[in-house]
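The block underneath contains the structure these notes are about, expressed in structure tokens.
There are 4 protein chains.
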Amino acid sequence: MAPRPKTLPRKAATQERSKATVDAILGATAKVLVKEGYDRASTNRIAEAAGVSIGSLYQYFPSKEALVAALIERHMDEMGAVVRDSMARLADAELEVATRELVRMMIDAHALDPKLHKVLVEQVPRVGRLERIQDLEAHAIALARAYLEARRHELRPKDLNLATFVVVHVVESVTHAAVLRSPELLGDALIGELADMILRYLRRDV
Amino acid sequence: MAPRPKTLPRKAATQERSKATVDAILGATAKVLVKEGYDRASTNRIAEAAGVSIGSLYQYFPSKEALVAALIERHMDEMGAVVRDSMARLADAELEVATRELVRMMIDAHALDPKLHKVLVEQVPRVGRLERIQDLEAHAIALARAYLEARRHELRPKDLNLATFVVVHVVESVTHAAVLRSPELLGDALIGELADMILRYLRRDV
Amino acid sequence: MAPRPKTLPRKAATQERSKATVDAILGATAKVLVKEGYDRASTNRIAEAAGVSIGSLYQYFPSKEALVAALIERHMDEMGAVVRDSMARLADAELEVATRELVRMMIDAHALDPKLHKVLVEQVPRVGRLERIQDLEAHAIALARAYLEARRHELRPKDLNLATFVVVHVVESVTHAAVLRSPELLGDALIGELADMILRYLRRDV
Amino acid sequence: MAPRPKTLPRKAATQERSKATVDAILGATAKVLVKEGYDRASTNRIAEAAGVSIGSLYQYFPSKEALVAALIERHMDEMGAVVRDSMARLADAELEVATRELVRMMIDAHALDPKLHKVLVEQVPRVGRLERIQDLEAHAIALARAYLEARRHELRPKDLNLATFVVVHVVESVTHAAVLRSPELLGDALIGELADMILRYLRRDV
DNA sequence: AATGAATGAGAATTCATTCAT
DNA sequence: GATGAATGAATTCTCATTCAT
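Taken in sequence, the protein lines are chains S, V, Z and A. Using numbering that gives the first Met the number 0, you'd call the opening residue of the first sequence number 0 and step up by one each time. Using numbering that gives the first Met the number 0, you'd call the opening residue of the second sequence number 0 and step up by one each time. Using numbering that gives the first Met the number 0, you'd call the opening residue of the third sequence number 0 and step up by one each time. Using numbering that gives the first Met the number 0, you'd call the opening residue of the fourth sequence number 0 and step up by one each time.
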């Protein structure tokens, strides 16, 4: 129906404008979610916070669920980037260094936007395609598993699957709990204790 | 005041009727919460599932929040009973035994009604007096702290506060994650690994 | 079914007890109505305030409307008594005395329970048999009319029907307004002005 | 902000549509209030009578109270216009003319929509910002007070504050009573009697 | 594409009234 | 007669979503 814009720049401009709108909407979603909680975060409120009409919001996201899913996607991509970066850098590091960095990295990842993380994890219904969280975890486990495999000779545990699960979940769970509930504990002392624990668990007895 | 009925049976009957209604409502709340999720769990649906009129529900619980709070209270009482029983029994046990039992107990506690636990923890907004979860945790930490204090001479970590936090959260967090997300991992192997990890962390080097 | 009480005293006692219950309920109705307003005055709240079960309330009053109607009846009886007493005493009084007393009496009548009067007049829906207020007014008009008729030779207005309407409503309306909205104005000054006005209106010019 | 539509017609159309909806809702509110009384006037019934969805009603009026308040505002604006117009015209009129016109005007003002006026005055709870009625009265009293002050030399009463209160309330109260309860009495005869009464009260004896 | 007015199903909650005990 | 648990229709209000302009 409507003729396409004739100039390439214009098109690009339009695309950029779309991108800006999408970003504004996602940003507003995060803001409202954190400020009001999931239940009080209505699409109308989000549209208003984004400075966009409710009609435009639905132009870009066909439902509230899609909107929240996109936000989760974005948040998980950001956390995932931190995780992948760190793991890539540590692939050749020595066990002790790698362990300490793993713990620190997990804290960093959770610290990206802890309030949003909390709402996403605690309040958003786990329905539809909102399962990205699991994916990230699976990925991290796979990477950790490969790392441990390569150093099997240094390690005490026989069942590396189980050991990996335990290590990754210990770090993830405790970090998660600390970030959400006792942020005052975050610091080098906690990192040290967790790393100690893991190293003592992993290292072959001498 | 209104005169009390004179016969015990009659009074008991009345009380029992009320109690049965309250139990039916709480039971239905748990059921609907698990089946439909927090958002879709309307008070009308709950009343219907309880085989009770919506009016009766509001006779006993002045708001939806109060209803969920009561359910949390009940659930936490049940978990708390498991925790307290076990901890009392372990107060004099040797470190290794106590550790293994701690892990097993935590799994048992989470296994009481894992699906309900999951909904309660993941979806229910943390408002009002829904903070019972923290209380339970604080209580467990205090007990564990006292236990470790009594055995300080056997232990390696200097800062017992931090060590207690780490131990309790490792057990709680990993158990939680396993129960909710990877129930197939639950078993003696996991208990063994966790206990090993903790013991290696706690024990003074020989 | 149930055998009637055999002794007369007992029956009387019962009747008295009934009367006390009815009074308690009506008193509680007035209290709750004044405190909470008509809309928030639920039958359950009233029963509770009366120290009586909701079932008992419905034993004596078949509906909320009947309950409020009975309260209006009682209140109007009280106001009516004041009006009738005064009017009987004034039947033979001289015009000036009668006028001043009429004004004072009307203020007294409204002052019996001004807050209840206000709620009854301003908030209670005028449905069913709640029309007692009109009756009282009609009665007062008839008495006043008769009084003026007997003194027609002293009076200026020709149409005594109209004159009576005006006089009674002037007194009633201004009193009502003053009691409900400007109680600080009530006093001898106001009485004097109103009486002056009426006397100047009624008296034949000399 | 969102860019404004460029054509005036389009913009006007949008505004008109909103305005029409608001008007329809207020009109329906008046209608339902008169027909059903305050208690039975539910927001759903009003929306239906307005031919508008309940959602639209709440888009414009955030609560039932706000809705009724807006209707009161509208009604009082209409009455206020009548009062102000008339009083402005009478500012320089002679006492007798002014008095007769005051009475006639008050009847006109009450006759604008007597049934609505009755419901608003008799049934609507006096809460929130529904106090416009008092304002109107205060305004009228101030105007009347100024008028009497300017003619003080013609007048008998010493205390003009009290005299103004009495005059305004006599007119207002009797008019109110006549319009609501005895509309058949409204007419030149009543106006004449009231004006006579007031003039005899106000005029200095000759 | 954008706008925002309109929609209406559905949610929480209240309250007059009934009735088994 | 008294009790108070139970009832459920009705009410206020929210919010995801649609669609005419």
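Glycine included, every Cβ here is placed at the ideal spot set by N, Cα and C. Just so it is clear, the structure is predicted and the values come from calculations on it, not from any experiment.
Let me know if residue i comes out buried or exposed under the rule of 16 or more other beta-carbons within 10 Å of its beta-carbon.
{"i": "V51 (chain S)", "result": "buried"}
{"i": "P156 (chain Z)", "result": "buried"}
{"i": "D84 (chain V)", "result": "exposed"}
{"i": "S172 (chain A)", "result": "buried"}
{"i": "E192 (chain S)", "result": "buried"}
{"i": "H175 (chain A)", "result": "buried"}
{"i": "V169 (chain Z)", "result": "buried"}
{"i": "H109 (chain S)", "result": "buried"}
{"i": "A188 (chain A)", "result": "exposed"}
{"i": "V99 (chain A)", "result": "As written in the sequence, residue 99 (chain A) is Arg, which differs from the Val given in the question. Its Cβ being crowded by 16 or more others within 10 Å, R99 (chain A) is buried."}
{"i": "H152 (chain S)", "result": "exposed"}
{"i": "D195 (chain V)", "result": "buried"}
{"i": "Q14 (chain S)", "result": "exposed"}
{"i": "A46 (chain V)", "result": "buried"}
{"i": "A97 (chain S)", "result": "buried"}
{"i": "A27 (chain Z)", "result": "buried"}
{"i": "V205 (chain V)", "result": "exposed"}
{"i": "R199 (chain A)", "result": "buried"}
Closest Cβ-Cβ distance between residue i and chain V: below 8 Å?
{"i": "Q58 (chain S)", "result": "no"}
{"i": "P124 (chain S)", "result": "yes"}
{"i": "G36 (chain S)", "result": "yes"}
{"i": "E153 (chain S)", "result": "no"}
{"i": "M104 (chain S)", "result": "no"}
{"i": "K18 (chain S)", "result": "no"}
{"i": "T6 (chain S)", "result": "Note that T6 (chain S) scores 49 on pLDDT, short of 50, meaning its location in the model is unreliable; the coordinates nonetheless yield the value given after this. T6 (chain S) does not count as touching chain V."}
Based on DSSP bridge pairs, tell me the residues matched to residue i.
{"i": "L201 (chain S)", "result": "For L201 (chain S), which the question treats as bridged, DSSP gives no partner whatsoever."}
{"i": "L154 (chain A)", "result": "A:R202"}
Can you pull the chain Z neighbours of residue i, defined as C-beta to C-beta under 8 Å?
{"i": "L193 (chain A)", "result": "V165"}
{"i": "M196 (chain A)", "result": "V165, V169, M196, I197, R199, Y200"}
Name the chain Z residues that come within less than 7 Å of residue i, Cβ to Cβ?
{"i": "R199 (chain A)", "result": "R199, Y200"}
Can you list the residues of chain S that residue i reaches, using a CB-CB cut of under 8 Å?
{"i": "M78 (chain V)", "result": "Simply none; closest approach about 17 Å."}
List, in order along the chain, the chain V residues whose C-beta lies closer than 9 Å to that of residue i?
{"i": "E121 (chain S)", "result": "V120, E121, Q122, V123, P124, R125"}
{"i": "L189 (chain S)", "result": "L161, F164, V165"}
Would you say residue i reaches chain A, if we count a Cβ-Cβ gap shorter than 8 Å as a contact?
{"i": "D158 (chain Z)", "result": "yes"}
{"i": "V205 (chain Z)", "result": "no"}
For chain Z, find out if any of its Cβ atoms is closer than 8 Å to the Cβ of residue i; answer yes or no.
{"i": "E15 (chain A)", "result": "no"}
(message) Please list, in chain order, the residues of the region 86 to 97 of chain S that have any C-beta partner in chain V closer than 8 Å.
(response) none
(request) Report the residues of the region 164 to 184 of chain S with a CB closer than 8 Å to any CB of chain V, ordered along the chain. (result) F164, V165, H168, V169, E171, S172, V173, H175, A176, A177, R180, S181, L184
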